[in-house]
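Participant: Pasting a structure below so you can have a look.
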Amino acid sequence: MMSEQQLQQATFEYTLRLGDDALVLGHRISEWVRNGPFLEEDIAYGNVALDYIGRARMFYGYAAELADDGRTEDSFAYTRSEREFSNLLINELPRGDFAYSQVRQLLVDIYANLFLTRLLQSKDATLAAIAAKAIKESRYHLRRSREWVIRLGDGTEESQHRCQLALDDIWGYSHEMFEMDALEQQLADAGIGVDVSSLRDDWLVQIREILAEATLQLPADDWKVSGGRDGYHTEFLGHLLTELQIVHRSYPGCQW
Amino acid sequence: MTPEEQNFMRKIETEEKIEPKDWMPEAYRKNLIRQISQHAHSEVIGTQPEGNWITRAPSLRRKAVLLAKVQDEAGHGLYLYSATETLGISRDEMIAALQDGSAKYASIFNYPAQTWGDVGAIGWLVDGAAIVNQVSLQRTSYGPYARAMIRICKEESFHQRQGYELMLELCRGTPEQKAMAQDSLNRFYWPALMMFGPHDSESAHSARSMQWKIKRESNDDLRQKFIDQTVKQIEFLGLEHPDKAICWNEARGHYDSGEIDWDEFYAVINGNGHCNRQRLQHHIKVHEEGSWVREALAAYNEKQKARKQQAEANKSNQNVA
Amino acid sequence: MTTENLELFEVFIRSKRGLDHKHVGSLHAEDPAQALEYARDCYTRRSEGVSIWVVRSADIVASQEDDAESFYDPSDDKPYRHATYYQLPDPVNNM
Numbered sequence: 000m001m002s003e004q005q006l007q008q009a010t011f012e013y014t015l016r017l018g019d020d021a022l023v024l025g026h027r028i029s030e031w032v033r034n035g036p037f038l039e040e041d042i043a044y045g046n047v048a049l050d051y052i053g054r055a056r057m058f059y060g061y062a063a064e065l066a067d068d069g070r071t072e073d074s075f076a077y078t079r080s081e082r083e084f085s086n087l088l089i090n091e092l093p094r095g096d097f098a099y100s101q102v103r104q105l106l107v108d109i110y111a112n113l114f115l116t117r118l119l120q121s122k123d124a125t126l127a128a129i130a131a132k133a134i135k136e137s138r139y140h141l142r143r144s145r146e147w148v149i150r151l152g153d154g155t156e157e158s159q160h161r162c163q164l165a166l167d168d169i170w171g172y173s174h175e176m177f178e179m180d181a182l183e184q185q186l187a188d189a190g191i192g193v194d195v196s197s198l199r200d201d202w203l204v205q206i207r208e209i210l211a212e213a214t215l216q217l218p219a220d221d222w223k224v225s226g227g228r229d230g231y232h233t234e235f236l237g238h239l240l241t242e243l244q245i246v247h248r249s250y251p252g253c254q255w
Numbered sequence: 000m001t002p003e004e005q006n007f008m009r010k011i012e013t014e015e016k017i018e019p020k021d022w023m024p025e026a027y028r029k030n031l032i033r034q035i036s037q038h039a040h041s042e043v044i045g046t047q048p049e050g051n052w053i054t055r056a057p058s059l060r061r062k063a064v065l066l067a068k069v070q071d072e073a074g075h076g077l078y079l080y081s082a083t084e085t086l087g088i089s090r091d092e093m094i095a096a097l098q099d100g101s102a103k104y105a106s107i108f109n110y111p112a113q114t115w116g117d118v119g120a121i122g123w124l125v126d127g128a129a130i131v132n133q134v135s136l137q138r139t140s141y142g143p144y145a146r147a148m149i150r151i152c153k154e155e156s157f158h159q160r161q162g163y164e165l166m167l168e169l170c171r172g173t174p175e176q177k178a179m180a181q182d183s184l185n186r187f188y189w190p191a192l193m194m195f196g197p198h199d200s201e202s203a204h205s206a207r208s209m210q211w212k213i214k215r216e217s218n219d220d221l222r223q224k225f226i227d228q229t230v231k232q233i234e235f236l237g238l239e240h241p242d243k244a245i246c247w248n249e250a251r252g253h254y255d256s257g258e259i260d261w262d263e264f265y266a267v268i269n270g271n272g273h274c275n276r277q278r279l280q281h282h283i284k285v286h287e288e289g290s291w292v293r294e295a296l297a298a299y300n301e302k303q304k305a306r307k308q309q310a311e312a313n314k315s316n317q318n319v320a
Numbered sequence: 000m001t002t003e004n005l006e007l008f009e010v011f012i013r014s015k016r017g018l019d020h021k022h023v024g025s026l027h028a029e030d031p032a033q034a035l036e037y038a039r040d041c042y043t044r045r046s047e048g049v050s051i052w053v054v055r056s057a058d059i060v061a062s063q064e065d066d067a068e069s070f071y072d073p074s075d076d077k078p079y080r081h082a083t084y085y086q087l088p089d090p091v092n093n094m
């Protein structure tokens, strides 16, 4: 049994993980603004980026509340190094081409819907409240990414090829979403966190269905990479953080 | 004047709006297409200098605000393309004209957004100048343009306020931050004044546009409004006014100001800005990168239609059987 | 950011329950389903609506200005269709 204090510390770390996931993916999606394939999509994908930045702020805000040591949402986003970031690797992969981003989005969106549905039941009222807000967004995100992957997969030979390449390149990073470490196990046992290991079957059912409609092949499970939760990242994250943090770190202690 | 022309001019004179299906002189239509599409292109190209800062915004709150703002600009481009399309030109044709250089966008976006302070200066001064112009255009004679302007003005006021608030935060911060704000003001003040276009006496399209009430106020009158409203805002920030000749003229009830460097204005318009080439090249690159996506959409749509037809054919065959 | 191939749709939004849908502009999309989502993303960023209609622009049949005389002038001489046409005594005029 964890003490109240241990539980709070674990919840803090857990919340930070979820904040990192949201920030890093939101950053990637925001890179599409002014780069979309046409104007309407540019605006629409911008909305998704905004949802994620908003979500990061909610998680970081709660983490700051739990830490109660003067740190703010911005301290978490702007003053930690790549070894301290604990996002899942799939979120930090570069935006790639449009197929790559939409395939990643689909894998993450299905996961997010399953995850948030469980987090709604969290005994931690704040996490449950964040989940309640976030799941509405994620339902819409999934509607978009599902349609995109189907349209692109079942579009031209080129678009199908691009989607399949993306899927094959990203697939090995999807397994990490369902891994549990000791911290997550403790929180799942305490009814605060989600047991993500139980989500993969449902996730796979949905993936199979969509990929079939998109005429894409489910990749083999013959490679997998993980480590994000322990700060063991790809090289991409360092560059992302360099850009994200440059102004903030150049003027230490300033208000913006 | 033909009866059609008389009818058209009567509407203009009595402040009745011209609507898409109405008869209009060809020159009026052309003039509108030129002006509204240029306005649309400006919104879209204008996402580049600020968009370039989304990934570097120094706080999460600012990041969200900037993201929403840049996204709004793209939305305004959409409203304006939509208004122009009612005149019988397609968005593709407009974009082709932008990319081959025959259509223009506001020259202000050829200036680089170099520092975080520039994001503030652009919101405050560039959007501020745009709003002065757009408020006046809410009364423009072409209905769809006027309605787009009303919508845009409603959304745009947040843009200017967020820019000013950003500057305010810099000016209340460290000396370094305040210097950043001053530097941005210095670089963007004059180009913002140039946004209103040449003096009325020099402006190629002004007289006709005024007569048709496409434009409602002259370049110089609008510029004066902007100059007047900005003096107090600069003072409040505690920054130095970039125009050393600025001086209240009691008799006119306006500020007198120094002369704009028109050589710079024409130099930048004619390709000598820091970013002229990059702005268009970026637009073209993104457009080309998106072509396979658009082709895929069309291909999928065709397949779906064919499937639907096939399904219906099967159904009617079954019915026959 | 061109839209070759993509069709033009008109967007109508009901800003709140009890009001009519109102035309707000247009957009390009590949099909009606996509048009509906883009209408949501492009025209309701500030909670402007509770319901959206999208219609293919090509499907709209519009009256022409030339029709105006035969369409609308005939109703100009039918003032008796308007409530103000009828003068009633004050005690019952609030009708």
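Chains as they are written, first to last, in numbering that gives the first Met the number 0: chain A, 0 to 255; chain B, 0 to 320; chain C, 0 to 94. The beta-carbon is built from N, C-alpha and C at its ideal position, and this holds for glycine as well.
1. Might you give, ordered along the chain, the residues of its own chain that have their beta carbon closer than 8 Å to the beta carbon of T114/B, omitting 5 neighbours on each side?
2. When DSSP builds the beta bridges, which residues end up paired with S25/C?
3. Within 10 angstroms of its Cβ, does T1/C collect 16 or more other Cβ (buried), or is it exposed?
4. Pull up the CB-CB distance for V43/B and L38/A, whole angstroms please, since I reckon it's below 8 Å.
5. With a CB to CB cut of under 6 Å and the five nearest residues on each side skipped, what residues in its chain are close to H81/C?
6. In terms of residues, what are the limits of the alpha helix (DSSP H) holding N248/B?
7. Residues in the same chain with beta-carbon distance under 7 Å from C170/B, minus the five sequence neighbours each way, listed in chain order, please.
8. Any contact of the region 198–212 of chain A with the region 238–251 of chain A, i.e. 3+ C-beta pairs under 8 Å?
9. CB-CB under 6 Å to M93/B, same chain, minus the five flanking residues each way: which ones, in chain order?
10. Give the residues of chain C in contact with R60/B, contact being defined as C-beta atoms less than 8 Å apart.
11. Report the neighbours of Q4/A on chain B: residues whose CB is nearer than 9 Å to its CB, in chain order.
12. I'd like to know if L296/B contacts chain A, where contact means its C-beta is closer than 8 Å to some C-beta of that chain.
13. Report all residues from its chain with a CB closer than 7 Å to the CB of S140/B; omit the five preceding and five following residues, and keep chain order.
14. Would A181/A be called buried (16 or more neighbouring beta carbons within 10 Å of its own) or exposed?
15. Taking only beta-carbon atoms, is T1/C less than 8 Å away from chain A?
16. Y79/C: buried (16+ other C-beta within 10 angstroms of its C-beta) or exposed?
17. Put Y265/B into one of helix, strand or coil per three-state DSSP.
18. If we cut at 8 Å on Cβ distances, does H20/C have a partner in chain B?
19. If distances are taken between C-alpha atoms only, which option among V54/C, W52/C, G24/C comes closest to G142/B?
20. Please determine, among L87/C, Y84/C, I59/C, the residue with the shortest C-alpha to C-alpha distance to T85/B.
21. Measure the CB-CB distance between Y59/A and F75/A and report whether it falls below 8 Å.
22. Which chain C residues sit within Cβ distance under 8 Å of E72/A?
23. Closer than 8 Å, Cβ to Cβ, to anything on chain B: give me those residues from the region 47–76 of chain C, in chain order.
24. Check whether chain A comes within 8 Å of E168/B, counting only Cβ atoms and requiring the distance to be less than that.
25. Would you tell me roughly how many angstroms separate the C-alpha atoms of T173/B and G74/B, rounded to the nearest one?
26. If G76/B and A39/B are in contact, beta carbons under 8 Å, what's the gap, nearest whole angstrom?
27. Inspect the beta-carbon positions of V107/A and I89/A and report whether they are closer than 8 Å.
28. From what residue to what residue does the alpha helix (DSSP H) around Y172/A run?
29. Taking the beta strand (DSSP E) that R55/C belongs to, which residues open and close that run?
30. Is there a C-beta anywhere in chain B that falls below 8 Å from the one on Y250/A?
31. Can you give me the start and stop residues for the beta strand (DSSP E) that H253/B sits inside?
32. Starting from the Cα of P268/A, find the closest Cα among L126/A, I134/A, C162/A, L24/A and give me that residue.
33. Helix, strand or coil, according to DSSP, for M0/C in the structure here?
34. Are L239/A and V23/A close, meaning C-beta to C-beta below 8 Å?
35. Exposed or buried, which one is R207/B when buried takes at least 16 other CB atoms within 10 Å?
36. With contact counted as at least three CB pairs below 8 Å, one residue from each stretch, are the region 250–262 of chain B and the region 17–30 of chain B in contact?
Facilitator: So, from the data block:
1. By one-based count along the second sequence, residue 114/B stands at place 115. Same-chain partners within the cutoff: M179, D182, S183.
2. Taking the first residue of the third sequence as 1, we reach residue 25/C at position 26. Answer is E9/C, bridged to S25/C.
3. To locate residue 1/C, count along the third sequence from 1; it is residue 2. Per-residue confidence for T1/C stands at a pLDDT of 47, beneath the threshold of 50, marking its modelled position as unreliable; the derived number appears in the next sentence. Burial call: buried.
4. Sequence index remark: in the second sequence, residue 43/B carries index 44 (1-based). Sequence index remark: in the first sequence, residue 38/A carries index 39 (1-based). Right, their Cβ atoms sit about 7 Å apart.
5. Residue mapping note: residue 81/C aligns to position 82 of the third sequence, counting from 1. Within its own chain, no residue has a Cβ closer than 6 Å to the Cβ of H81/C once the five positions on either side in sequence are excluded.
6. Numbered from its first residue, the second sequence carries residue 248/B at position 249. No alpha helix (DSSP H) holds N248/B; the beta strand (DSSP E) holding it covers 246–248.
7. Working through the second sequence from its first residue, we reach residue 170/B at position 171. Once the five neighbours on either side are set aside, the close Cβ partners of C170/B are K177, A180, L236, G237, L238.
8. no
9. Indexing the second sequence from 1 puts residue 93/B at position 94. Within the same chain, M93/B has close Cβ partners S36.
10. The residue you call residue 60/B lines up with position 61 of the second sequence. Per Cβ cutoff of 8 Å: no residues; R60/B is ~18 Å from chain C at best.
11. Residue 4/A sits at position 5 when you count from the first residue of the first sequence. By Cβ distance, chain B contributes nothing, its closest Cβ being about 28 Å from Q4/A, past 9 Å.
12. Counting from one through the second sequence, the residue named residue 296/B turns up at place 297. Interface flag for L296/B against chain A is set, since a Cβ pair is found closer than 8 Å.
13. Here residue 140/B corresponds to residue number 141 of the second sequence, with the count starting at 1. Within the same chain, S140/B has close Cβ partners I11, K16, I17, W211, K212, I213.
14. Here the question's residue 181/A lines up with position 182 in the first sequence. A181/A should be labelled exposed.
15. Here residue 1/C refers to the residue found at position 2 when the third sequence is read from its first residue. Residue placement at T1/C is poorly supported in this model, since its pLDDT is 47, which falls under 50; the coordinates still yield a value, given next. Output row for T1/C: interface = yes.
16. Here residue 79/C corresponds to residue number 80 of the third sequence, with the count starting at 1. The residue is exposed, with fewer than 16 neighbouring Cβ atoms inside 10 Å.
17. Position 266 of the second sequence, counted from the first residue, corresponds to residue 265/B. DSSP places Y265/B within a helical segment (H, G or I) once states are collapsed to three.
18. Against the third sequence, residue 20/C aligns to sequence position 21. False, the Cβ-Cβ gap to chain B never drops below 8 Å.
19. In the second sequence, residue 142/B corresponds to position 143, counting from 1. Out of V54/C, W52/C, G24/C, G24/C has the C-alpha closest to the C-alpha of G142/B.
20. Within the second sequence, numbered from 1, the residue matching residue 85/B stands at position 86. Nearest option by C-alpha distance: I59/C.
21. Within the first sequence, numbered from 1, the residue matching residue 59/A stands at position 60. Within the first sequence, numbered from 1, the residue matching residue 75/A stands at position 76. Against a cut-off of 8 Å, the Cβ pair of F75/A and Y59/A comes out as a contact.
22. Locating residue 72/A in the first sequence gives position 73, where the first residue counts as 1. None at all; the shortest Cβ gap to chain C is about 23 Å.
23. A61, S62, Q63, E64
24. To locate residue 168/B, count along the second sequence from 1; it is residue 169. Interface residue, yes.
25. On the second sequence, residue 173/B is found 174 positions in, with the first residue counted as 1. On the second sequence, residue 74/B is found 75 positions in, with the first residue counted as 1. Inter-residue distance for T173/B and G74/B is about 35 Å (C-alpha atoms, whole angstroms).
26. As a first step, residue 76/B must be located in the second sequence, where it is residue number 77. As a first step, residue 39/B must be located in the second sequence, where it is residue number 40. Rounded, the Cβ-Cβ distance is 5 Å, consistent with contact.
27. Counting from 1 along the first sequence, the entry for residue 107/A is found at position 108. Counting from 1 along the first sequence, the entry for residue 89/A is found at position 90. In contact: V107/A and I89/A (Cβ atoms closer than 8 Å).
28. Taking the first residue of the first sequence as position 1, residue 172/A is located at position 173. Note, Y172/A: premise wrong, no alpha helix (DSSP H); not H, not E.
29. Start at 1 with the first residue of the third sequence, and residue 55/C comes out as number 56. Note, R55/C: beta strand (DSSP E), 50–55.
30. For the purposes of this step, residue 250/A is identified with residue 251 of the first sequence, where counting begins at 1. Chain B, which has a Cβ nearer than 8 Å to the Cβ of Y250/A, makes this yes.
31. Taking the second sequence and counting its residues from 1, the one referred to as residue 253/B is at position 254. That run of the beta strand (DSSP E) goes 253–255.
32. No answer is possible for residue 268/A: it lies beyond the span of chain A, which begins at 0 and ends at 255.
33. By 1-based counting over the third sequence, the position of residue 0/C is 1. The pLDDT assigned to M0/C is 40, lower than 50, so where the model puts this residue is not dependable; a value taken from the coordinates is nonetheless given after this. Three-state DSSP puts M0/C in coil, outside helix and strand.
34. Working through the first sequence from its first residue, we reach residue 239/A at position 240. Working through the first sequence from its first residue, we reach residue 23/A at position 24. In this structure, V23/A lies closer than 8 Å to L239/A by Cβ.
35. In the second sequence, the residue the question calls residue 207/B occupies position 208. Exposed, by the Cβ-count rule.
36. no
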